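In our numbering, the protein residues as written are 349 to 866. Positions of the beta carbon are idealized from the N, C-alpha and C atoms, including for glycine. Keep in mind the model is a prediction, meaning the values are calculated, not measured. See below for the structure under consideration.
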Amino acid sequence: MYHVIKYYNSSPKFHILAKNRSYAKIPKPMKILLINPPREHEIKAPTPEVLEKNRGFNPPLGLLFIAAILEKQNHQVNVIDCQVEEYNYQQIDDLVKAQDYDLLGLTVMTFSLVDSLMISSIAKKHHPQKPIVWGGPHLHIYAKESAQFAEVDYVITGEGELAILDLIANLQNKKSWEQVKGVGTFKDQKYLYNGNAPIIENLDTIPFVARHLTPIHKYNSILAKSSTVTTIFSSRGCPYKCSFCDRPQLRPNFRARSAKNVVDEMELCVKMGIKEFIFYDDTFTVDKKRVHQICDDIIQRNLNISWDCRTSISAMDEKLLQHMAQAGCAGIHYGIEAGTAKIQKVIQKNLNLDRIDLIITQTQQAGIKAMAYFMLGNPKETPYDVKESLKFIKKLNPDFLHITGLLPFPATQIYLQGLKSGMIKEDYWLKFAKNPKKEFITPHWPEYFTRNQLEKLIVKSYQSYYLRPHFLMRRLFQIRSIGEFIRNLKFGWGLLAMKINHRIDSKTKTTCPKLQKI
349 MYHVIKYYNS
359 SPKFHILAKN
369 RSYAKIPKPM
379 KILLINPPRE
389 HEIKAPTPEV
399 LEKNRGFNPP
409 LGLLFIAAIL
419 EKQNHQVNVI
429 DCQVEEYNYQ
439 QIDDLVKAQD
449 YDLLGLTVMT
459 FSLVDSLMIS
469 SIAKKHHPQK
479 PIVWGGPHLH
489 IYAKESAQFA
499 EVDYVITGEG
509 ELAILDLIAN
519 LQNKKSWEQV
529 KGVGTFKDQK
539 YLYNGNAPII
549 ENLDTIPFVA
559 RHLTPIHKYN
569 SILAKSSTVT
579 TIFSSRGCPY
589 KCSFCDRPQL
599 RPNFRARSAK
609 NVVDEMELCV
619 KMGIKEFIFY
629 DDTFTVDKKR
639 VHQICDDIIQ
649 RNLNISWDCR
659 TSISAMDEKL
669 LQHMAQAGCA
679 GIHYGIEAGT
689 AKIQKVIQKN
699 LNLDRIDLII
709 TQTQQAGIKA
719 MAYFMLGNPK
729 ETPYDVKESL
739 KFIKKLNPDF
749 LHITGLLPFP
759 ATQIYLQGLK
769 SGMIKEDYWL
779 KFAKNPKKEF
789 ITPHWPEYFT
799 RNQLEKLIVK
809 SYQSYYLRPH
819 FLMRRLFQIR
829 SIGEFIRNLK
839 FGWGLLAMKI
849 NHRIDSKTKT
859 TCPKLQKI
């Protein structure tokens with residue numbers, strides 16, 4: 349079933365963006381099908397299976413931004429979120445076959461590449477003449493490689509909200525789309541591409557995401573108090589230069605929505621029955637003045653909501669913490685990554701350990717849950733460094749701990765350094781981008797730990813932290829709802845039989861140049 353526009357803001361500034369663009373006069377509305385691929389063949393970092401099984405589902409905001417823009421131009425849009433619906437491939441095949449659409453769009457991440465290609469193959473089988481457009485983070489790095497697939501007609505690179513409109517309008521008007529920024533394709537065995545789509549500087553001009561096209565009450569999180577949660581972006585980009593992160597290469601320009609625009613969207617969600625939010629910004633508190641304004645507006649409107657955010661220790665202070673708590677902030681996700689000054693410097697995080705300790709303490713004193721994220725197996729990280737990191741974690745005593753093994757992402761400094769130094773033997777990601785296979789094994793940093801050693805260490809670290817009597821009692825007293833209790837009970841049970849959810853080829857042996865016994 350296709351839907352017409354409703355629920356989100358009219359965003360009059362969007363019409364300024366649209367002025368004089370090629371989609372100003374469109375012959376007729378198109379039927380657009382947008383699909384969020386399933387997780388069935390998703391590539392995962394070395395992360396405990398219990399976390400993967402209970403992590404919940406987030407709405408596909410990237411697709412829903414596109415849907416909102418398309419509806420704004422009177423296109424009819426249908427969204428299929430295969431993840432939250434937990435569709436298997438037979439169900440997906442039946443669904444796609446039954447669809448009546450003019451164009452199919454998929455959001456593609458490198459981790460979901462296999463599933464994205466399988467969905468595209470199904471669509472081409474049933475609707476061979478309908479164009480398929482890929483967008484998303486994977487295309488920022490591997491646009492040309494993706495455009496080579498027979499199942500893919502067009503790829504969009506950069507921010508796709510305006511590029512997709514230009515592409516559709518030019519296709520409808522039978523005009524040349526080859527000058528459209530952000531669109532690539534192969535024609536006569538030649539790759540045609542005119543550069544990334546332009547950055548949208550004023551994010552307030554973008555309509556609110558089209559949540560009404562998804563089953564909003566099915567989205568949830570293991571960390572949430574209620575069973576209905578939504579994510580929200582209040583900014584794009586990140587000013588930091590961490591060597592393990594792809595943001596410096598993919599989205600370095602930090603831009604933020606106004607406080608009023610953000611809280612308007614939250615208020616709209618409240619009217620839809622959503623009372624719990626997770627800000628999915630890379631670093632929510634980069635602009636502290638803006639966050640204070642957001643908090644003021646939430647309080648003044650008496651929204652009575654609960655929300656979490658992701659940020660950096662370096663972008664937080666006690667005054668802001670107190671204000672955020674007053675405005676309903678329930679949890680802050682801090683990317684700390686390493687518990688020694690040495691590794692902080694190596695990964696270019698450069699956080700001061702005393703400052704980390706102070707901010708975690710102040711967060712908890714403000715009545716906000718402190719959630720700490722760490723990585724093990726970093727470059728130059730010896731077994732001694734890991735032990736020091738784990739000691740530091742227990743000293744911090746965060747309310748929630750997430751530990752994973754380093755996964756060198758494509759386009760990151762660490763990955764490029766690994767290729768240059770020979771620590772990573774070949775360009776695994778490029779090979780995968782050209783020929784995605786279900787049995788793909790993610791690259792590993794083998795300087796001091798084999799894969800098996802690192803995974804055992806992660807399991808041991810989780811169990812030694814979460815199964816402490818003191819922690820269990822504290823967590824029990826923090827629970828505020830039956831749903832939260834059940835989710836935590838499942839998590840605790842999973843800890844007892846924890847194993848890593850990570851595809852490993854048992855025939856593949858990993859050697860460590862500096863291997864030491866743990």
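{"Asked": "Separation of residue 624 from residue 780, as counted between CA atoms", "Found": "37 Å"}
{"Asked": "Proximal residues to residue 812 (C-beta, below 6 Å), its chain only, five neighbours per side dropped", "Found": "none"}
{"Asked": "Presumed contact (8 Å Cβ cut-off) between residue 551 and residue 604, rounded CB distance", "Found": "7 Å"}
{"Asked": "Option in 663, 659, 554 and 691 with minimal Cα separation from residue 612", "Found": "554"}
{"Asked": "Burial state of residue 723, where buried means 16 or more other Cβ atoms lie within 10 Å", "Found": "buried"}
{"Asked": "Delimiting residues of the alpha helix (DSSP H) encompassing residue 909", "Found": "The first residue shown for the chain is 349 and the last is 866, placing residue 909 beyond what the model contains."}
{"Asked": "Proximity below 9 Å, CB of residue 762 to CB of residue 591", "Found": "yes"}
{"Asked": "Beta bridge counterpart(s) of residue 821 as assigned by DSSP", "Found": "None; residue 821 has no bridge partner."}
{"Asked": "Cα-Cα separation, residue 438 to residue 430", "Found": "12 Å"}
{"Asked": "Residues near residue 418 by beta carbon distance below 6 Å, same chain, minus five either side", "Found": "380 and 425"}
{"Asked": "Where residue 514 falls: helix, strand or coil (DSSP)", "Found": "helix"}
{"Asked": "Neighbourhood of residue 534 by C-beta distance below 7 Å, restricted to the same chain and skipping five residues each side", "Found": "495 and 496"}
{"Asked": "Contacts around residue 602, its chain only, beta-carbon distance under 7 Å, and the 5 residues preceding and following it disregarded", "Found": "583, 585, 586, 587 and 634"}
{"Asked": "Contact under 9 Å by Cβ, residue 530 with residue 514", "Found": "yes"}
{"Asked": "Neighbourhood of residue 641 by C-beta, 7 Å cutoff - its chain only, sequence neighbours within 5 removed", "Found": "607"}
{"Asked": "Proximity winner among 744, 714 and 732, relative to residue 721 (alpha-carbon distances)", "Found": "744"}
{"Asked": "C-alpha distance - residue 519 paired with residue 477, whole-angstrom precision", "Found": "13 Å"}
{"Asked": "Nearest residue (CA-CA) to residue 660, options 541, 676 and 704", "Found": "704"}
{"Asked": "Residue 675 versus residue 652: straight-line alpha-carbon distance, rounded", "Found": "8 Å"}
{"Asked": "Proximity of residue 467 and residue 548 at Cβ, strictly below 9 Å", "Found": "no"}
{"Asked": "Buried/exposed call for residue 821, threshold 16 Cβ in 10 Å", "Found": "exposed"}
{"Asked": "Opposing strand residues paired with residue 584 [DSSP bridges]", "Found": "603"}
{"Asked": "Between the CA atoms of residue 562 and residue 663 - distance to the nearest angstrom", "Found": "33 Å"}
{"Asked": "8 Å Cβ shell around residue 376 - same chain, five flanking residues per side excluded", "Found": "520"}
{"Asked": "Rounded separation between residue 626 and residue 559 - CA only", "Found": "15 Å"}
{"Asked": "Segment contact, 8 Å Cβ cut-off, at least three pairs: the segment 403–417 with the segment 762–776", "Found": "no"}
{"Asked": "Coarse secondary structure for residue 371, derived from DSSP in three states", "Found": "Note that residue 371 has pLDDT 46, beneath the 50 cutoff, so the model's placement of it is unreliable and no number is given."}
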